[in-house]
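Engineer: So the sequences go chain by chain: A and B.
Residues 730 to 1105 (my numbering) make up the first sequence, in order.
Residues 730 to 1105 (my numbering) make up the second sequence, in order.
Protein chains: 2
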Amino acid sequence: MPVTIRDVARASGVHISTVSRTFSAPHLVNPETRVRVLACAEDLGYRPNRAARALITGRTHNIGLIIADIANPFFPPLIKAAESQARHRDYHVFVADTNEDAAAEEELVHALAKQVDGVLLCSPRMSNSLIEQLSREVPLVVVNRQLAGLPCVLMDVGQGARSAIEHLAGLGHREMALLAGPRGSWTSRELRRAAGAAARAAGADLTVIGPNPPTEAGGLAQAEQVRRAGVSAVLAYNDLMAIGLLEGLDALGVRVPQEISVVGVDDISLSRLTRPKLTTVATPTAAAGRTAVDMLLQQDTDLPRTARGGGSTVAVGVRRTTAQVMLQTELVIRDSTGPGPYAGRERPGAAAAGPGPHRRADPGNPIVAAGDVVAS
Amino acid sequence: MPVTIRDVARASGVHISTVSRTFSAPHLVNPETRVRVLACAEDLGYRPNRAARALITGRTHNIGLIIADIANPFFPPLIKAAESQARHRDYHVFVADTNEDAAAEEELVHALAKQVDGVLLCSPRMSNSLIEQLSREVPLVVVNRQLAGLPCVLMDVGQGARSAIEHLAGLGHREMALLAGPRGSWTSRELRRAAGAAARAAGADLTVIGPNPPTEAGGLAQAEQVRRAGVSAVLAYNDLMAIGLLEGLDALGVRVPQEISVVGVDDISLSRLTRPKLTTVATPTAAAGRTAVDMLLQQDTDLPRTARGGGSTVAVGVRRTTAQVMLQTELVIRDSTGPGPYAGRERPGAAAAGPGPHRRADPGNPIVAAGDVVAS
DNA sequence: GATCTCTCTGCAAACCTTTGCATTGAAGTA
DNA sequence: TACTTCAATGCAAAGGTTTGCAGAGAGATC
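1) F823 (chain A) CB to nearest chain B CB: under 8 Å?
2) With DSSP collapsed to three states, give me the class of T1003 (chain B).
3) What does H839 (chain B) touch in chain A if you count any residue whose Cβ is under 9 Å from its own?
4) Do we get a CB-CB distance below 8 Å when we pair A800 (chain B) with the residues of chain A?
5) Would you check if the distance between the CB atom of V685 (chain A) and the CB atom of L863 (chain A) is smaller than 8 Å?
6) Excluding the 5 residues flanking V1022 (chain A) on each side, which residues of the same chain have their C-beta closer than 6 Å to its C-beta?
7) Beta-carbon of R735 (chain B) versus every beta-carbon of chain A: anything under 8 Å?
8) Give the DSSP-derived three-state secondary structure of A1081 (chain A) in the structure shown.
9) Helix, strand or coil: which one does DSSP assign to G1039 (chain B)?
10) Would the beta-carbon of I894 (chain B) fall within 8 Å of that of L849 (chain B)?
11) With distance defined between alpha-carbon atoms, name the residue in B:R891, B:P940 and B:G973 nearest to A924 (chain B).
12) How about L999 (chain A): is its C-beta nearer than 8 Å to some C-beta of chain B?
13) For V1061 (chain B), which residues from the same chain have a beta carbon less than 6 Å from its beta carbon, with the 5 sequence-adjacent residues on both sides left out?
14) I need the boundaries of the beta strand (DSSP E) containing I1106 (chain B), first residue and last residue.
15) Assuming L908 (chain A) and Q875 (chain A) make a contact with CB atoms under 8 Å, what is their CB distance in whole Å?
16) Find the residues of chain A that neighbour I972 (chain B), judging by a C-beta separation of less than 9 Å, and give them in chain order.
17) From R1001 (chain A) to A971 (chain A), what does the alpha carbon distance come to, in whole angstroms?
18) Should T789 (chain B) be flagged as near chain A, meaning a C-beta pair shorter than 8 Å?
19) Output yes if chain A places a C-beta closer than 8 Å to the C-beta of S741 (chain B); else output no.
20) What are the residues that DSSP puts in a beta bridge with T936 (chain A)?
21) Tell me which residue opens and which closes the alpha helix (DSSP H) that L897 (chain A) is part of.
22) Residue range of the beta strand (DSSP E) that S749 (chain A) falls in?
23) Of the choices B:A1072, B:A1016, B:L1026 and B:Q1027, whose alpha-carbon is the least far from that of N873 (chain B)?
24) Using the beta-carbon count (16 or more within 10 Å), is H821 (chain B) buried or exposed?
25) Please list the terminal residues of the continuous beta strand (DSSP E) segment that includes V870 (chain A).
26) Does the Cβ of R735 (chain A) have 16 or more other Cβ atoms within 10 Å, making it buried, or fewer, making it exposed?
27) Take the Cβ of L757 (chain B) as the centre, count every other Cβ of all protein chains shown within 10 Å, and call the residue buried at 16 or more, exposed below.
28) Compute the distance between the beta-carbons of S961 (chain A) and P1070 (chain A), then report whether it is under 8 Å.
29) Taking Cβ to Cβ, would you say G948 (chain B) is nearer than 8 Å to L969 (chain B)?
30) Per DSSP, what kind of secondary structure is G1046 (chain B) in: helix, strand or coil?
31) For E953 (chain A), I'd like the list of residues in its chain whose CB is within less than 8 Å of its CB, leaving aside the five on either flank, ordered along the chain.
32) Does DSSP put L1169 (chain A) in a helix, in a strand, or in coil?
33) Evaluate I753 (chain A) with the Cβ neighbour count: other Cβ atoms within 10 Å of its Cβ, from every protein chain shown; 16 or more gives buried, anything less gives exposed.
34) Since A842 (chain B) contacts R776 (chain A) with CB under 8 Å, what's their CB separation in whole angstroms?
35) Locate the beta strand (DSSP E) running through S990 (chain A), then write down its first and last residues.
36) Below 7 Å CB to CB, which residues in the same chain sit around P1077 (chain A) once its five sequence neighbours on both sides are set aside?
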């Protein structure tokens, strides 16, 4: 029933190798033959069997996309962009969800390693050393985590946090809180580091609350804690938590932004839909997905995984590209931030007015922070 | 470099066929041998090459998941549930996004057909006849569309629409509008049919506005139209459109629910986060994902796609299961619906009080509407 | 002790494609 | 005409696994 290369060969009166070349090396076959073969293939509805092809070429033309939580609205735009980009380059994408579980991540990489040409690890929760170890098993590109020696796509949340803190300080806030994200999150650490430094520079205090699950429930659960902390502004690990916090504060009768200002991170689509609309640090998730796929495929074409005659050829001079790409973030000011208790008064230390919101760079136009080629 | 079955065979001193059986038919191999082989495999980090396995068995252990729009929050829970269910059964999931485009759907099914054991078509936009045609190429399970002769997973939006209309009528609304979904959507037609009938039964008028893109923008764009329609209640194709409508009405200064009541469909997570919180018809998306995968895999194990000796064996008695599963929906009443202009007055026709909100059946406990086995 | 049964293992073909090498035949050159 | 060159095609091996069949023992039965 399934039509194979042999059927096409028979129909068009040539050898199967000619049919094969018609698809994979068209310049090697006579134009007349080529059109005849293509016509027959079209007629019969022939599609090359990718499993057979993979078996001999060593490339599956599949990539794996490992996601902490598909239901977290941060990820769908990334998945969508990655899938689209991959498809343009004739790759298909396995999507797998780990439920924020480090062990599941590891198992998934193992399970996928043999049947994909590379894996995109998005916001991994496992340890750096484990990631490095796994990267020896299958080409890896990491999103939202910085690892020396591995290709990474990062969003400049540090800059985002700085902008957010400066925005809040400029509004007259001195007592701030950071609603931290999950343990093991690079973004959360980065946020904490940058926000802490920015707060210090602005003469403000920053209380860290967490770690917390990066969900609406995680934010909701800390509303009471936030109120008790006596702060007038909160920067949340992500929009989901910020929105949960908004809900929680609303339930406690705390008005936003009159009593407490709230800033999120990500700019997921619903952050425009809450009341008040959420001020947030927009992260270029779609661009990250596209870029990560590009880097993975680039890496993939670099190392010729030649299976043919594998026994004798020693893997010498295999090169790994370890470019790290940092994508710009942008503070989007909406209605969840307002004047703080020190509004109008002179701020101790730091410049008078913080810089305005950051303009995002051309979308999809990444800024390469570091790029080098290392022989391994 | 990649460790194959041959390496394991050598290490454990048995033939490769014994190693193979250790994994795919353990009962055929001596327990002692088995543990030794497993130990060696573990040691070497052996994972069977699924491409090679697929080549001979004819099963890839992959399934395709074709989604109209990953970024539409309706889908991620479905994707997540489907992926999880598939993985439990040792299947991996290709996810592909069609951007609501019928042509993309067709091309995607073709591209995937040869490298998956089956395809889940979620909320397809293409024609019934095309779906039927494609179903001869690869086992298909369709979600959110009813097709005779094909396995379908449906959500009872008809019942949902009825509940919603009765709820609105019970609140004293007589002039209602339906914000229709995209052309080609079975759900939209079904909604229209059921809502129309329910409105008639309740002595209310129903104006249909649309078709519209099933997005927030689609709802937003029709706010003016809705106001001009002079209705006091609107049922939207989905929550996203309802939320867009909420925004649009807010911008026009129309108060919800005081002036216009709004009901959505889906109960996506953000419908609890809008102000006012959205009244909506909850659809069991996760259960749908799980069920669809189960049906696909069931179908898959039914038809033995034996490749061995393919030339001579004629495909006789191939059976196709065409069970159709209908999942219950539930009206969730929140704050976007309120008393209408005829509140308190006696309603013409129909029973006095509509039934209360529907309780959802046990989650994941589908009600089989029709199940039969057809020889083809 | 011969025969039968049964469990376990090995052998080898098959799945579909790619690709290095060999072959063919025509065109170009001396 | 005899030779080289080159484009186009065919040949066959290889890739990693599964599986029908057959063979080798061991144990049971008479």
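All C-beta atoms in this analysis are idealised placements derived from N, C-alpha and C, irrespective of residue type, glycine included.
Structural biologist: By the coordinates alone:
1) yes
2) coil
3) G774 and R776
4) yes
5) What the structure shows of chain A is the stretch from 730 to 1105, and residue 685 (chain A) is not part of that stretch, so it cannot be assessed.
6) A811, Q814 and A815
7) no
8) The predicted model places A1081 (chain A) with a pLDDT of 39, which falls under 50 and marks its position as unreliable; any figure quoted below should be read in that light. It is coil, neither helix nor strand.
9) Low confidence applies here, because G1039 (chain B) scores a pLDDT of 31, under 50, leaving its location unreliable; read the following figure in that light. DSSP places G1039 (chain B) in coil when its eight states are reduced to three.
10) no
11) B:R891
12) yes
13) D996, T1009 and A1011
14) Residue 1106 (chain B) lies beyond the stretch modelled for chain B, which goes from 730 to 1105, so this question has no answer here.
15) Contact doesn't hold; Cβ gap of about 22 Å is too wide.
16) L999 and L1002
17) 12 Å
18) yes
19) no
20) A:A906
21) V886 to G899
22) Here S749 (chain A) belongs to no beta strand (DSSP E); instead the alpha helix (DSSP H) covers I745 to S753.
23) B:A1016
24) buried
25) L869 to V872
26) exposed
27) exposed
28) yes
29) yes
30) With a pLDDT of 35 at G1046 (chain B), under the threshold of 50, the modelled position of that residue is not reliable, and no figure is offered here.
31) G977 and L981
32) This structure cannot settle anything about residue 1169 (chain A), because the visible part of chain A is limited to 730 through 1105.
33) First, the residue type needs correcting, since residue 753 (chain A) is Ser and not Ile in the sequence shown. S753 (chain A) should be labelled exposed.
34) 7 Å
35) S990 to D995
36) Because P1077 (chain A) carries a pLDDT of 49, less than 50, the predicted location of this residue cannot be relied on, and the following value inherits that uncertainty. Once the five neighbours on either side are set aside, the close Cβ partners of P1077 (chain A) are G932.
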